[in-house]
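Under the UniProt record's numbering, the first residue of the sequence shown carries the number 1, and numbering increases by one thereafter. Note that beta-carbon positions come from the ideal geometry of N, C-alpha and C, so glycine has one too.
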Amino acid sequence: MASNTLHSIPHNHHSLLKRHHHSSSSSSDTLSLPSSSSSSSSSSLFLKPTTKAKPTSLSLSTHLTFSLSPNTTTSATTSSTPATSTSPDVLRRHLSAADFRQADEETRRLLISLAGDAAVKRGYVFFSEVQYIPTSDLKAIDELWRNSSGGKFGYSVQKKIFGKVSHDFTRFFIKVGWMKKLETSEVEQYNYRAFPAEFMWENDDDTPEGHLPLTNALRGTQLLNSILNHPAFDDVVEEEEDQRAEDEEEEKEKKVGDGGGLMKGLRGGDKSGRVFNPDYSF
């Protein structure tokens, strides 16, 4: 009885095999359907080797059953996070491993997912959609960042810093290290970090407080402003107010002391001036 039988292929499927007639003098291995009148030979498939050794049967039953049966189909993305998942488990895992770069990517994905279907479809969040992010979820994200960094990273940390610089985005970007100082001989010049490799992904002494998580400001600062002013962080308002008056007074004294501050430096080339390139590309 033939052992290489192709079973259970419905007649409505396209034929997977075509009959070929080969000469017996062929010098290479061939797949052939024999012309024997046996009832099982019409569905048998075997390999005819060129050597005199015992013919080796080739069974395709298992392969074809796997290929055609939907029950054996497995998902190739079971290890990845669904785009619409709002679970913080992946973020928690990255932060527990101190993988801050992946944690930053997951935080961005979470914000998009939490902002709603339109944001998921678009691939980024509009500042006007931040209000739809549940307070509990945003608090949970912030808490994970703070706990994993010893209180150095997180949105609430950034909000405190933002209040201390009187909501001045340029000063805030410098303070958290999102802008880098350029070495020039004439002016104190800063430029925005634009690429992932330019940011700091380690929680060490050189990494500024509030450096992570990042918020893309390519479309302006309204998104960051909306996140920092979300109701989830209302409890840090009092802490920022205490420092604001002191910082404003210090800033006034600085402007008086340098005789005009930034604009004088730009006009007259004063070394105390600062030049900022308005490029929010991170």
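Practice prompt. Under 7 Å Cβ to Cβ from F172, same chain only, skipping five residues before and after it: list those, please.
Written response: I161, F162 and V165, listed in sequence order.
Worksheet item: Hey, is the region 180–197 in contact with the region 123–132, meaning 3+ C-beta pairs nearer than 8 Å?
Response: Cβ pair count under 8 Å is below three, so no.
Fill in: Alpha carbon of W178 to alpha carbon of G123, nearest angstrom
23 Å
Discussion item. Checking the sheet assignment: what are the DSSP bridge partners for L182?
Written reply: Q189
Practice prompt. Enumerate, from N- to C-terminal direction, the unbroken alpha helix (DSSP H) stretches of 4 or more residues contained entirely within the UniProt domain "GUN4-like" (90–231).
Written response: 100–115, 117–122, 135–148, 155–164, 169–175 and 222–228
Item to complete: Could you round the C-beta distance between Q158 and L228 to whole angstroms and report it? I think they count as a contact, below 8 Å.
Response: 6 Å
Worksheet item: Hey, K152 and E209 are a contact pair by Cβ (cut 8 Å); roughly how many whole angstroms apart?
Response: 5 Å
Practice prompt. Apply the 10 Å Cβ neighbour rule to F100 and answer buried if 16 or more other Cβ atoms are within range, or exposed otherwise.
Written response: buried
Worksheet entry | R109 burial status per 10 Å Cβ neighbour count (16 or more: buried) | buried
Worksheet item: Among residues of its own chain, excluding the 5 on either side of S148, which ones have a beta-carbon nearer than 6 Å to its beta-carbon?
Response: Around S148: L95.
Worksheet entry | F195, buried or exposed, once every other Cβ within 10 Å from all chains shown has been counted against 16 | exposed
Worksheet item: In angstroms, rounded to a whole number, what distance separates the CA positions of A119 and V125?
Response: One C-alpha to the other measures close to 5 Å.
Worksheet item: Cβ atoms of L138 and H230: under 7 Å apart, would you say?
Response: yes
Discussion item. Spatial neighbours of D234 within its chain, please: C-beta separation below 8 Å, excluding the five flanking residues on both sides.
Written reply: none
Discussion item. Between which residues of its own chain and T221 is the CB-CB distance below 6 Å, once the five residues before and five after are set aside?
Written reply: F169
Worksheet item: Quick one: what's got a C-beta closer than 6 Å to R146's C-beta in the same chain, skipping five residues either side?
Response: G154
Worksheet item: For S156, which option in A83, L224, T86 and S85 has the closest C-alpha, if you only look at C-alpha atoms?
Response: L224
Item to complete: Compute the beta-carbon to beta-carbon distance between S128 and T86, rounded to the nearest angstrom, for a pair I have assumed lies under 8 Å.
Response: Not confirmed; about 19 Å, so no contact.
Fill in: Proximity to N203 [Cα-Cα], best of P88, A103 and T84
A103
Worksheet item: Looking at L212 and L144, is the spacing between their C-beta atoms short of 7 Å?
Response: no
Discussion item. If I measure Cβ to Cβ from S226 and keep anything under 8 Å in the same chain, skipping five residues before and after, which residues do I get?
Written reply: F127, S128, V130 and Q131
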